[in-house]
Every structure is written in structure tokens, then in C-alpha cells.
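>
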Amino acid sequence: MSVAMRPVGGLPVEPRARHDAPGGLDSMATTVDIGDISLNYRGASGNVLALQNTTMRIGRGEFAAVVGPSGCGKSSLMRLVTGLVRPTTGDISVFGEKVRGPLKIAGMAFQNPNLLPWRKVIDNVLLPLEIVRPHRRRFRAEKDKYRAQGEALLKTVGLEGFSGRFPWELSGGMQQRVSLCRALIHQPALLMLDEPFAALDAFTREELWCVLRDLWQELRFTVILVTHDLREAAFLADTIHVMSARPGRVVMTKTVPFPRPRELDICFEPAFTDIVQELRAKIAEVRKP
Amino acid sequence: MSQNTVETIAPWVFTLAIFAVWEIACRLFGVDPFILPPPSAAFAAMAQYWGPLMRHSAVTLWTTMAGFALAVAFGVALGLIVGWSRTIYRGLYPVMIGFNCIPKVAVVPILIMWFGIGEVPAILTAFLISFFPIVVNVATGLATMEPELEDVLRALGARKLDIMLKVGIPRTQPYLFGSLKVAITLAFVGTIVSETVGANAGLGYLIALAGSNFQVPLVFAALILLAIEGIAMYAVFAYIEVYFTRWAFRSSMSAAT
Ligand SMILES: Nc1ncnc2c1ncn2[C@@H]1O[C@H](COP(=O)(O)OP(=O)(O)OP(=O)(O)O)[C@@H](O)[C@H]1O
Ligand SMILES: [Mg+2]
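Which chain is which? The protein sequence lines are A and B, in order. Here the first sequence stands for residues 1 to 289, where the numbers follow the numbering used here. Here the second sequence stands for residues 290 to 546, where the numbers follow the numbering used here.
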């Protein structure tokens with residue numbers, strides 16, 4: 001299905017081809033294809049082999065989660081997929097094209113919101129539009145339109161009325177919402193999240209899970225979410241990739257069968273707990289040297 | 290009296306107290322005015338030689354500001370270049386450290402040889418002594434950019450220049466303005482050093498001249514005026530710093546100085 005979408009939930013969506021959930025025809029299309037790569041960091045105190053024999057495929061519009069022991073190379077994997085570093089061996093392709101340099105389209109968010117303290121919230125959100133093509137050429141001329149888009153996006157994450165504030169006037173959870181908006185404002189086809197909710201309290205975290213779930217449900221971008229929270233992975237993702245200790249490779253790929261849209265209640269169902277237990281056991285197993 | 294008023298008048302109270310202690314000590318112990326004149330004598334000399342003092346102060350002020358302006362222009366430019374690339378940073382840093390270690394007083398005779406007695410050596414000495422903290426601070430501001438933020442922008446297709454303009458240069462501002470406060474006081478030191486070694490105008494020249502004529506109260510009068518100029522310029526740049534980088538004082542990110 002490829003239709004011009006109407007604005008949903010207050011977010012004005014530009015007409016553009018969108019793809020159905022995995023299971024539809026388009027899920028055959030692979031967005032991210034990591035084919036047997038390795039990554040070697042050269043350092044003054046010797047080399048670190050961060051990734052080896054890592055293979056992963058993520059379908060178009062899929063919500064993928066990556067979990068694994070600390071230091072196994074998850075963040076490195078994110079930087080590889082976005083083309084910020086090159087694999088030592090092997091190839092990565094994104095949207096069918098081999099990654100040769102930074103992608104130019106991917107939205108990213110990290111554990112630290114990394115907002116620019118001299119910019120107001122709305123100007124932080126609009127930052128990508130000043131950089132990404134084709135928006136950067138139109139940015140000055142159509143500032144008002146983009147502003148309205150930014151305001152609408154802020155509203156969907158529950159930050160209506162905060163666009164004129166500075167980041168320091170916001171709580172950590174609110175800053176993280178802004179960071180999420182900044183990652184999504186240019187409607188990226190690929191969203192990379194590296195432990196975005198790790199520094200938040202349990203309630204805010206669950207709230208933001210739902211925010212992310214709704215945004216994804218609406219816009220159907222491809223997501224790679226790195227997390228240490230197995231419940232988070234199981235609640236949000238379609239597939240969960242478990243990585244081994246360093247050098248990291250994928251030791252298990254678990255499909256999460258729960259239908260969408262998911263409610264927070266499923267976190268208390270036995271089937272959900274089983275998945276979390278299974279992931280937990282696997283990670284505990286691969287952590288041991 | 291509220292805490293605020295106390296804080297406002299405290300500097301004045303302390304300054305007056307220092308002068309009072311100085312005056313009382315001189316009288317109480319009968320200090321020889323050739324060794325240390327009391328402030329009353331210094332102020333009397335200031336009144337007596339008001340005209341020449343003002344003329345020489347004006348020379349010192351403008352040579353200092355000229356040298357400082359050069360230092361800001363050159364320091365910011367070099368700081369941006371050094372902060373731009375790691376290679377340049379690595380290559381240039383030792384050279385700059387070495388240069389900064391050279392006592393500027395040793396350079397003044399060379400400058401006088403090149404440019405003759407006059408204002409040029411003073412301007413150049415002020416410049417040479419004050420550009421270093423500016424370079425270091427600007428470069429530090431660029432070099433300490435959060436790598437994750439850089440990643441976010443690069444993944445959007447940002448070029449190095451975009452990252453510099455959108456993030457690097459704005460985030461360098463608190464470092465820059467912090468360094469200006471330090472640099473302006475150093476610039477005064479540079480000017481005075483140069484004027485003392487060889488000049489025909491300026492407070493440094495006046496101090497050297499009055500010293501050789503044993504007009505000690507005049508020396509102190511000139512020193513007091515110099516201190517006032519320094520404090521005034523420092524205050525100007527401290528104000529500019531707060532004005533331009535209010536966000537940095539509010540957010541957790543703090544400047545280097
Ligand atoms: N820039 C770098 N230079 C050298 N080694 C690095 C660099 N970045 C990461 N590493 C090494 O690569 C390995 C994987 O790091 P990475 O940050 O990808 O792990 P991670 O899975 O994200 O860990 P965590 O869960 O703690 O965030 C680590 O052993 C680390 O020491
Ligand atoms: Mg990490």
C-alpha cells in the first residue's frame with residue numbers, strides 16, 4: 001500500500017510512499033543488511049576487536065531491537081549502520097545501497113539528549129532541517145511551515161507550549177522527548193536509538209515507550225533500538241537481536257509475536273514474561289567468557 | 290541591608306579599607322615616602338600632574354586596546370584553525386606552548402629595533418602576550434564538542450563546515466568570552482612592559498621616568514591609574530561575557546575560565 005497519508009494525530013505528514021508492517025509484501029525488502037562484518041578499533045594500547053562475524057537483516061518498516069552484554073559493540077554497530085565508521089571487513093547496505101560514508105538521512109538519539117543549550121526547544125527540534133537535503137535549501141523561505149511541523153511533533157510527545165523554552169528549563173525526560181523529536185522531524189526512513197531511555201525513571205520510560213510506539217505506528221520508519229532493558233525490547237520491537245560478549249555477533253534473533261497496537265498491559269502477560277526470561281537467560285549465558 | 294546590596298558595596302569597602310590601612314601604616318610607622326608614599330601623597334601627585342597623567346593613560350589605553358584587538362582577531366582565527374583539525378592541533382600546540390614560554394620582556398628590544406621607539410612595540414607586545422589564552426580557549430571549545438552530537442549531525446549529512454557553524458562556533462562562545470577577561474589584563478601587562486623598556490609616552494614610560502627622578506608618589510599615582518584602567522576593561526568584558534553567553538551560565542555546561 002502506498003498512499004498519500006493524511007495528517008494523523010496532529011502530525012502533518014507529507015505525502016510519500018509508506019510501507020506496511022512486517023508481514024505485508026514490503027517486508028521482503030531489506031532496509032539494513034549487515035553481511036558478516038568485523039570491526040577492529042586500533043588504539044595506542046593495542047587493537048580491540050569489537051565485532052566479528054556479525055550478520056543482521058532488518059526489513060523495511062521493521063522495529064528491531066539489539067540487546068547484549070555491555071561493551072559487546074552495540075553502539076559500534078549503530079555507528080557502522082549510519083556510516084560513521086567503516087567495517088574492517090565485510091559490507092553493510094542500507095536501502096539496497098552499500099554504505100560508503102555517513103548516510104545523510106538517519107535520525108539518531110542517544111542516552112544523553114545532547115540538546116544545544118543556546119537554542120530554544122523548537123530550534124533544537126528544527127536543527128536537522130537546516131542540514132538535511134532538500135530541506136536545508138527551503139529552510140529560510142519556509143520557516144513558518146517547518147515551525148508548525150515542529151510544534152505539531154512536540155505536541156504529539158506531550159510538550160505542547162514548551163517550544164519557546166530553553167533546554168535547561170526542561171526535566172531530563174522532557175529533554176529526551178525533544179531529542180526524539182529532533183531525530184524524527186525530517187521524517188527519516190531510518191531511526192537509530194542508542195539506549196535513549198536508559199537515564200529515565202521507570203514511569204517516564206514507560207510513557208516514552210508509548211510515545212515511540214505511537215509515532216512508529218503512525219509513520220512506520222525503520223527503527224534500530226539498542227537497549228539494556230529487555231522489557232523495553234520485547235514491548236516495542238518486532239524482532240530482537242541478541243549479541244554475544246565482545247567480539248560481538250548475533251547469537252539469537254527472536255521474533256516478538258504480539259499483535260499491534262500493543263498496550264502496556266502485555267508486559268504482565270505470561271507469554272511476554274517468557275520472552276524476557278528467554279532473552280535474559282541467553283545474555284547471561286553469552287556474558288560468561 | 291539585603292544580601293545583594295552588601296555584595297554590591299563590598300568591593301568598594303575593601304578598596305577603601307586597603308587605602309586606609311596603607312595610609313595608617315605609613316603614618317604609624319613613619320615610613321620613608323621615598324620607599325612607600327602614603328596614598329594621600331599619591332593622590333596629591335595625581336591631582337598635581339593630572340594633565341600629563343591623563344595624556345599618558347590615554348596612550349596606554351589605546352595601545353593596549355589596539356594590541357588586544359589584534360589578539361582577538363588573530364587568536365579567534367588561529368583558535369578556529371587549531372580546533373578544526375586534530376592534526377593541526379597536534380602540530381601547532383607544542384610550537385605555541387614554546388612561544389608562550391618566551392618572556393615577552395626579552396622580545397621588546399627586538400621590536401624596538403625593528404619598529405623604533407613609539408607605540409608600535411607596545412601594541413605588538415600587548416598582542417603577543419594576550420593572544421595565547423584566546424587561541425587555547427577557542428580551540429578547547431571546538432575540541433570538546435560532544436562526539437554523539439557530532440554523530441547526530443553527520444548522520445544527517447552535515448559537512449564539517451555545517452558542524453562548525455551550527456555547533457562548534459556557538460558552543461565556543463563562553464570559552465572565548467571567558468578568555469577575553471584574562472587576555473585584556475595580560476594586554477595591559479604587555480603594554481606596560483614595553484613602555485617601561487623603551488617608549489616616549491604611556492604610563493609605563495611615565496613610571497620609568499618618574500622612578501628615575503625619585504618622584505615616588507607620581508609612580509604610585511600612575512600605578513593606581515593603571516589598576517583602574519585594568520579593572521574597568523575587565524568589567525566591560527565580564528559584562529559582555531554574561532550578556533552574550535547567558536545560556537552557558539544557566540545550563541550545566543561551564544566555560545573554561
Ligand atoms: N572509538 C573507539 N576506539 C577504540 N575502541 C573503542 C571505541 N569505541 C568502542 N570501542 C571498544 O569497542 C567495544 C564495543 O564498544 P561499544 O561502545 O560499541 O559497546 P556497547 O555494546 O555499546 O556497550 P554499552 O552497552 O556499555 O554501551 C568496547 O570494548 C570498546 O572498548
Ligand atoms: Mg553503547
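All C-beta atoms in this analysis are idealised placements derived from N, C-alpha and C, irrespective of residue type, glycine included. Model, not experiment: these values are computed from the prediction.
#1: Measure the CB-CB distance between K254/A and I275/A and report whether it falls below 8 Å.
#2: Do G158/A and ligand 1 come close, with the Cβ less than 7 Å from some heavy atom?
#3: Would you say E195/A faces chain B, with C-beta separation under 8 Å as the test?
#4: Residue ranges of each beta strand (DSSP E) run of no fewer than 3 residues wholly in the segment 297-325 of chain B, ordered along the chain?
#5: Tell me the DSSP secondary structure of K145/A in three-state form.
#6: Using a Cβ-Cβ cut-off of 6 Å (strictly less than) and excluding sequence neighbours within five positions of A347/B, which residues of its own chain qualify?
#7: Express the C-alpha separation of E232/A and C267/A in angstroms, rounding to a whole number.
#8: Jot down the residue ranges of each uninterrupted beta strand (DSSP E) in the segment 71-107 of chain A, minimum 3 residues, whole runs only, in chain order.
#9: Any beta carbon from chain A within less than 8 Å of I307/B's own beta carbon?
#10: Within 7 Å: the Cβ of S75/A and any heavy atom of ligand 1?
#11: Assuming I92/A contacts V99/A (C-beta within less than 8 Å), just tell me the rounded distance between them.
#12: Let's see if you can read the secondary structure: which residues bound the alpha helix (DSSP H) around L438/B?
#13: For T82/A, decide whether its Cβ has a neighbour in chain B, counting only Cβ atoms nearer than 8 Å.
#14: Please return the same chain residues whose Cβ sits closer than 7 Å to the Cβ of R280/A, not counting the five positions on each side in sequence.
#15: Helix, strand or coil, according to DSSP, for D238/A in the structure here?
#16: Does DSSP put S329/B in a helix, in a strand, or in coil?
#17: D274/A: beta carbon under 7 Å from a heavy atom of ligand 2?
#18: Using a 10 Å radius around the Cβ and a threshold of 16 neighbouring Cβ atoms, would you call I529/B buried or exposed?
#19: Whole-angstrom Cβ separation of V441/B and N112/A, contact assumed at under 8 Å?
#20: Say whether the segment 29-38 of chain A touches the segment 48-55 of chain A, bearing in mind that this needs 3 or more beta-carbon pairs closer than 8 Å, one atom from each stretch.
#21: Name, please, each residue of chain A whose Cβ falls closer than 9 Å to the Cβ of L445/B.
#22: Give the interface partners of L442/B over in chain A, defined as CB-CB distance under 7 Å, in chain order.
#23: Identify which residue in L80/A, S244/A, D123/A, A245/A has its Cα closest to the Cα of V178/A.
#24: Using the C-alpha atoms, what's the distance from R262/A back to V531/B?
#25: Exposed or buried, what is K393/B when buried is set at 16 or more other beta-carbons lying within 10 Å of its beta-carbon?
Well, looking at it:
#1: Mapped onto the first sequence, residue 254/A falls at position 254. Mapped onto the first sequence, residue 275/A falls at position 275. Yes, the Cβ-Cβ distance between K254/A and I275/A is below 8 Å.
#2: Counted from its first residue, the first sequence places residue 158/A at position 158. It does not: the Cβ of G158/A is nowhere closer than 7 Å to a heavy atom of ligand 1.
#3: Within the first sequence, the letter at position 195 stands for residue 195/A. It does not: the Cβ of E195/A has no partner Cβ on chain B nearer than 8 Å.
#4: none
#5: Within the first sequence, residue 145/A is the residue found at index 145, counting from 1. K145/A: helix per DSSP, three-state reduction.
#6: The residue labelled residue 347/B in the question sits at position 58 within the second sequence. Nothing meets the Cβ criterion.
#7: Your numbering for residue 267/A matches position 267 in the first sequence. Your numbering for residue 232/A matches position 232 in the first sequence. Whole-angstrom Cα-Cα distance: 9 Å.
#8: 89-94
#9: For the purposes of this step, residue 307/B is taken as the residue at position 18 of the second sequence. Not one chain A Cβ lies under 8 Å of I307/B.
#10: As a first step, residue 75/A must be located in the first sequence, where it is residue number 75. Yes, the Cβ of S75/A comes within 7 Å of a heavy atom of ligand 1.
#11: The sequence position of residue 92/A within the first sequence is 92, counting from 1. The sequence position of residue 99/A within the first sequence is 99, counting from 1. Contact flag correct, Cβ pair sits at about 5 Å.
#12: The residue labelled residue 438/B in the question sits at position 149 within the second sequence. Run containing L438/B: 436-443, per the alpha helix (DSSP H) assignment.
#13: As a first step, residue 82/A must be located in the first sequence, where it is residue number 82. With 8 Å as the cut-off, T82/A counts as an interface residue toward chain B.
#14: Locating residue 280/A in the first sequence gives position 280, where the first residue counts as 1. Short of 7 Å from the beta carbon of R280/A, and not among the five residues preceding or following it, lie these beta carbons of its own chain, in chain order: L230.
#15: One-based indexing of the first sequence puts residue 238/A at position 238. The answer is coil: DSSP assigns D238/A none of H, G, I, E or B.
#16: In the second sequence, the residue the question calls residue 329/B occupies position 40. If DSSP states are grouped into helix, strand and coil, S329/B belongs with the helices.
#17: Locating residue 274/A in the first sequence gives position 274, where the first residue counts as 1. Not under cutoff, so the answer is no.
#18: Against the second sequence, residue 529/B aligns to sequence position 240. That one is exposed.
#19: If you number the second sequence from 1, residue 441/B lands on position 152. If you number the first sequence from 1, residue 112/A lands on position 112. The pair is not a contact, with the Cβ atoms about 11 Å apart (cut-off 8 Å).
#20: yes
#21: Stepping through the second sequence from its first residue, residue 445/B is reached at position 156. The answer, in chain order, is P102, L103, K104, I105, A106, G107, M108, L127, P128, I131, V132, H186, P188.
#22: Residue numbering aside, residue 442/B sits at position 153 when the second sequence is read from its first letter. Within chain A, the residues near L442/B are I131.
#23: Position 178 of the first sequence, counting from 1, holds the residue named residue 178/A. Nearest of L80/A, S244/A, D123/A, A245/A to V178/A, Cα basis: D123/A.
#24: Against the second sequence, residue 531/B aligns to sequence position 242. Against the first sequence, residue 262/A aligns to sequence position 262. Going from the Cα of V531/B to the Cα of R262/A covers about 50 Å.
#25: Position 104 of the second sequence, counted from the first residue, corresponds to residue 393/B. With 16 or more other Cβ atoms within 10 Å, it is buried.
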